[in-house]
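2 protein chains.
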Amino acid sequence: MTVTLADVAARAQVSPATVSRVLNGNYPVAAATRERVLRAVDDLDYVLNGPASALAAATSDLVGILVNDIADPFFGIMASAVQSEIGGPGGRAGGERLAVVCNTGGSPERELTYLTLLQRQRAAAVVLTGGAVEDAEHAAAVAGKLRRLADAGSRVVLCGRPPAPGTDAVALTFDNRGGGRRITEHLISLGHRRIGYIAGPQERTTTRHRLEGHREALAAHGVEDDPALTVHGRYDRRSGHDGTVELLRRDPSLTAVVAANDTVAIGACAALRGAGLRIPDDVSVAGFDDLPFSGDAVPALTTVRLPLYEAGARAGRVAMGKEEPPPGDVATVRGELVVRKSTGVPR
Amino acid sequence: MTVTLADVAARAQVSPATVSRVLNGNYPVAAATRERVLRAVDDLDYVLNGPASALAAATSDLVGILVNDIADPFFGIMASAVQSEIGGPGGRAGGERLAVVCNTGGSPERELTYLTLLQRQRAAAVVLTGGAVEDAEHAAAVAGKLRRLADAGSRVVLCGRPPAPGTDAVALTFDNRGGGRRITEHLISLGHRRIGYIAGPQERTTTRHRLEGHREALAAHGVEDDPALTVHGRYDRRSGHDGTVELLRRDPSLTAVVAANDTVAIGACAALRGAGLRIPDDVSVAGFDDLPFSGDAVPALTTVRLPLYEAGARAGRVAMGKEEPPPGDVATVRGELVVRKSTGVPR
DNA sequence: ACCACCGTAGTAAGCGCTTTCTATCTAGAC
DNA sequence: GTCTAGATAGAAAGCGCTTACTACGGTGGT
Chain B
1 MTVTLADVAA RAQVSPATVS RVLNGNYPVA AATRERVLRA VDDLDYVLNG
51 PASALAAATS DLVGILVNDI ADPFFGIMAS AVQSEIGGPG GRAGGERLAV
101 VCNTGGSPER ELTYLTLLQR QRAAAVVLTG GAVEDAEHAA AVAGKLRRLA
151 DAGSRVVLCG RPPAPGTDAV ALTFDNRGGG RRITEHLISL GHRRIGYIAG
201 PQERTTTRHR LEGHREALAA HGVEDDPALT VHGRYDRRSG HDGTVELLRR
251 DPSLTAVVAA NDTVAIGACA ALRGAGLRIP DDVSVAGFDD LPFSGDAVPA
301 LTTVRLPLYE AGARAGRVAM GKEEPPPGDV ATVRGELVVR KSTGVPR
Chain V
1 MTVTLADVAA RAQVSPATVS RVLNGNYPVA AATRERVLRA VDDLDYVLNG
51 PASALAAATS DLVGILVNDI ADPFFGIMAS AVQSEIGGPG GRAGGERLAV
101 VCNTGGSPER ELTYLTLLQR QRAAAVVLTG GAVEDAEHAA AVAGKLRRLA
151 DAGSRVVLCG RPPAPGTDAV ALTFDNRGGG RRITEHLISL GHRRIGYIAG
201 PQERTTTRHR LEGHREALAA HGVEDDPALT VHGRYDRRSG HDGTVELLRR
251 DPSLTAVVAA NDTVAIGACA ALRGAGLRIP DDVSVAGFDD LPFSGDAVPA
301 LTTVRLPLYE AGARAGRVAM GKEEPPPGDV ATVRGELVVR KSTGVPR
């Protein structure tokens with residue numbers, strides 16, 4: 001049998017209520033009594049029963065973090081930032097909170113499933129990271145879930161994701177469109193006119209916004225937007241490689257390729273080198289996100305830096321109520337163009 | 001007020017017990033009744049109260065995963081593999097299980113704190129990944145926690161971590177020593193004699209084992225083991241960079257550097273290039289782990305591939321009782337030498 | 001001295017579920 | 001037609017905690 005509150009109470013010669021109060025520190029207890037209780041807890045190696053306490057108090061110390069791919073540093077960095085902020089004070093029991101990281105794999109169903117699971121656990125807060133799937137039905141389903149989570153008392157924060165209309169979720173949105181525009185403008189200003197674009201998966205907000213920014217830049221500078229110069233893939237190295245091969249097949253004369261993100265850009269570089277092309281002498285390559293390895297790639301990647309850690313940390317603070325939500329509950333986080341060695345003037 | 005089991009029962013005109021049984025599917029319920037209950041659940045948007053159910057059933061559907069750094073793909077990959085395996089059947093309620101990923105940051109205290117928190121949540125299982133801190137006191141504390149966790153019914157699995165004596169935790173250990181030996185033997189066979197070594201943090205099993213393997217190789221081939229050729233750092237790019245600068249200062253004539261892992265190796269490459277040295281013509285570089293970016297680095301990294309995903313998946317299965325633990329509860333996972341472009345014969 | 005009050009501690013009523021035990025009903029078995 | 005077993009469903013007792021609400025001394029004001 002495991003040790004219960006009552007056992008501790010018996011040993012410390014106090015009532016269970018007193019033990020609970022000592023443990024939660026939310027009610028005055030005489031120093032001597034507290035001492036006695038703490039010693040008993042120690043003697044018995046007592047550990048509070050989380051479920052029981054969550055049930056009685058109608059709150060839990062679980063915080064959910066939804067990510068598309070935990071193995072991708074883009075999400076890992078945000079997750080670690082959120083987690084670093086959810087430990088502090090702001091609640092009961094010294095505020096030790098546990099992060100539940102849920103790997104959706106980008107699947108809408110799993111996203112919904114996890115939200116339900118988090119609702120079931122009565123999570124104190126849930127942070128959704130990364131782009132959302134663009135499907136009216138799914139969006140409505142998610143919005144419904146978020147509303148119910150909020151109703152049940154969970155704080156909901158979106159990090160790197162567009163606002164969810166119809167919910168009162170706080171959104172820290174990345175300015176993907178602006179970033180996309182700036183990176184392409186950089187290329188255009190260098191003199192590029194035939195620019196390939198390897199986009200992320202269809203029907204994703206991040207994909208669409210970055211692509212729209214790219215097109216805005218093309219339009220603004222009177223550069224032709226040839227549909228053949230855009231291909232779609234996943235956010236992985238493989239897609240960057242294959243996409244580049246395809247792009248090269250369609251137009252061997254292109255002088256630059258913009259990738260959906262840095263990982264894709266790395267794949268693009270590999271494909272380019274495989275084709276005997278030099279970067280940036282023959283073809284320039286640009287990424288997005290500025291992940292840790294991007295500065296070390298050879299050549300170092302020109303990209304748009306997203307303050308992933310800062311945004312995640314802020315999301316964590318907002319989720320914990322340690323920081324005020326931005327006015328209107330929406331904040332846009334800008335990406336900064338980082339020019340390195342992978343882009344240059346066209347040959 | 002949120003919807004409860006009783007509300008569903010009332011609407012479906014059955015007793016709460018029946019609703020519970022439908023939801024858990026662990027007791028015969030007439031098809032018609034089940035239908036009615038399910039419809040009521042749907043109508044009311046009912047979501048089970050996790051804490052209440054965990055309390056009553058004395059089990060929970062939480063699985064803890066301890067990692068040193070969630071932003072590091074080394075851990076991200078294992079975590080995602082574990083998570084991919086814990087969803088399946090093997091328990092109650094369709095077996096939906098939630099992964100609680102805990103970021104210890106390599107800190108012994110946080111490791112203990114998280115273990116306590118998981119014990120408090122009555123986690124169904126906990127998987128500890130990566131190297132352990134080598135400190136007798138801490139090791140004893142962890143062992144104690146693991147024992148109590150196991151006593152409380154949690155299954156404990158170590159993944160990429162040495163066995164914990166005195167506990168009945170299952171261990172899937174990486175053969176870091178063997179890998180370390182093979183990578184250095186590779187360098188020696190190429191003709192290198194002055195080999196720098198950038199080790200990980202002191203007092204870590206992973207660090208020590210890889211370093212021991214390196215020294216075994218040196219000894220086995222009669223190569224002098226100059227203490228000045230070993231420096232310690234963290235498992236990050238920065239340490240690789242700084243360590244290499246230091247190594248170069250101590251012995252400008254070295255012809256190869258072995259890094260604690262691939263990330264460190266990338267930093268080493270950067271430092272070498274910064275010093276005007278070519279890889280591998282002037283200095284060879286070897287890593288460890290074979291992370292996704294390693295094959296795309298320029299030059300592609302020679303390294304030791306650890307089957308992180310496979311090991312994590314197996315750990316997940318064992319944790320879920322879907323796979324038998326290895327005989328003796330300990331399995332050694334070998335790393336495979338992957339020779340690429342970053343190593344060559346010395347100048 | 002008397003009363004109001006503050007600081008502590010105990011009592012006990014749940015929190016929302018699971019599960020044992022019991023009750024009912026139907027269908028064969030004889 | 002009676003009896004028994006099998007299939008379903010309900011009643012109710014908790015699971016281990018939190019938290020009103022209550023109780024009880026001791027103080028300081030008057």
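Residue numbers (UniProt numbering), protein chains in the order written: chain B, 1 to 347; chain V, 1 to 347.
Just so you know, even glycine gets a beta-carbon here, dropped at the ideal spot from N, CA and C.
- The DSSP-derived three-state label of V/L158 is strand.
- B/A199 has B/H232 as its beta-bridge partners, per DSSP.
- Bridge partners of V/V101 according to DSSP: V/I65.
- By the neighbour-count criterion, in which a residue is buried when 16 or more other Cβ atoms sit within 10 angstroms of its Cβ, B/A132 is buried.
- Per DSSP, the continuous alpha helix (DSSP H) segment holding B/E85 begins and ends at P73 to E85.
- Just measuring C-alpha positions, the residue of V/L247, V/H192, V/L115 and V/T205 sitting nearest V/G222 is V/H192.
- For V/S189, the secondary structure class from DSSP, reduced to helix, strand or coil, is helix.
- Of the candidates V/V100, V/L158, V/T33 and V/N68, the residue whose Cα lies closest to the Cα of V/A331 is V/L158.
- The Cβ of B/D175 sits no closer than 7 Å to any Cβ of chain V.
- The beta-carbon distance between V/A71 and B/P73, rounded to whole angstroms, is 6 Å. This is short enough to meet the 8 Å contact definition.
- Fully contained in the UniProt domain "HTH lacI-type" (3 to 57) of chain V are the following alpha helix (DSSP H) runs of length 4 or more, in chain order: 5 to 12, 16 to 24, 31 to 44 and 50 to 57.
- By a beta-carbon distance limit of 8 Å, V/A265 contacts V/G287. Their separation comes to about 3 Å.
- Bridge pairing for B/S284: B/A256 [DSSP].
- Inclusion of V/L128 and V/L66 in the CB contact set at 7 Å is warranted, their separation being smaller than that value.
- Ranking V/I195, V/T2, V/A139 and V/P163 by CA distance to the CA of V/P227 puts V/I195 first.
- DSSP, read as helix, strand or coil, puts B/E111 in helix.
- CA-to-CA, the gap between V/V257 and B/V257 works out to about 34 Å.
- Per DSSP, the continuous beta strand (DSSP E) segment holding V/R305 begins and ends at T303 to R305.
- Bounds of the beta strand (DSSP E) holding B/E336 are E336 to V338.
- Residue range V330 to V333 is occupied by the beta strand (DSSP E) that includes V/V333.
- Exposed is the label assigned to V/V345, since fewer than 16 other Cβ atoms lie within 10 Å of its Cβ.
- The Cβ atoms of V/V304 and V/I183 sit closer than 7 Å to each other.
- For V/I266, the nearest CB of chain B lies under 7 Å from its own CB, placing it at the interface with that chain.
- Neighbours of B/I70 in chain V, taken as residues whose beta carbon is under 8 Å from its own, are I70, G76, A79, S80, Q83 and V101 in chain order.
- Counting only Cβ-Cβ distances below 8 Å, B/R122 has contacts in chain V at N49, G50 and P51, in chain order.
- DSSP places B/R204 within a strand segment (E or B) once states are collapsed to three.
- Counting along the chain, V/L149 sits inside no beta strand (DSSP E); it lies in the alpha helix (DSSP H) bounded by residues A136 to D151.
- Partner residues in the beta bridge of B/L172, as assigned by DSSP, are B/C159 and B/A331.
- Within the model, the alpha-carbon separation for B/R347 versus B/T255 is close to 7 Å.
- For V/L308, no beta strand (DSSP E) run applies; the uninterrupted alpha helix (DSSP H) run containing it begins and ends at L308 to A319, by DSSP.
- When only Cα atoms are considered, B/V339 and B/D225 end up about 23 Å apart.
- By alpha-carbon distance to B/A124, the top candidate from B/T173, B/G200, B/A58 and B/L5 is B/A58.
- The criterion of a C-beta distance shorter than 7 Å is satisfied by V/R110 and V/T104.
- Here V/D42 is exposed. Its C-beta has fewer than 16 other C-beta atoms within 10 Å.
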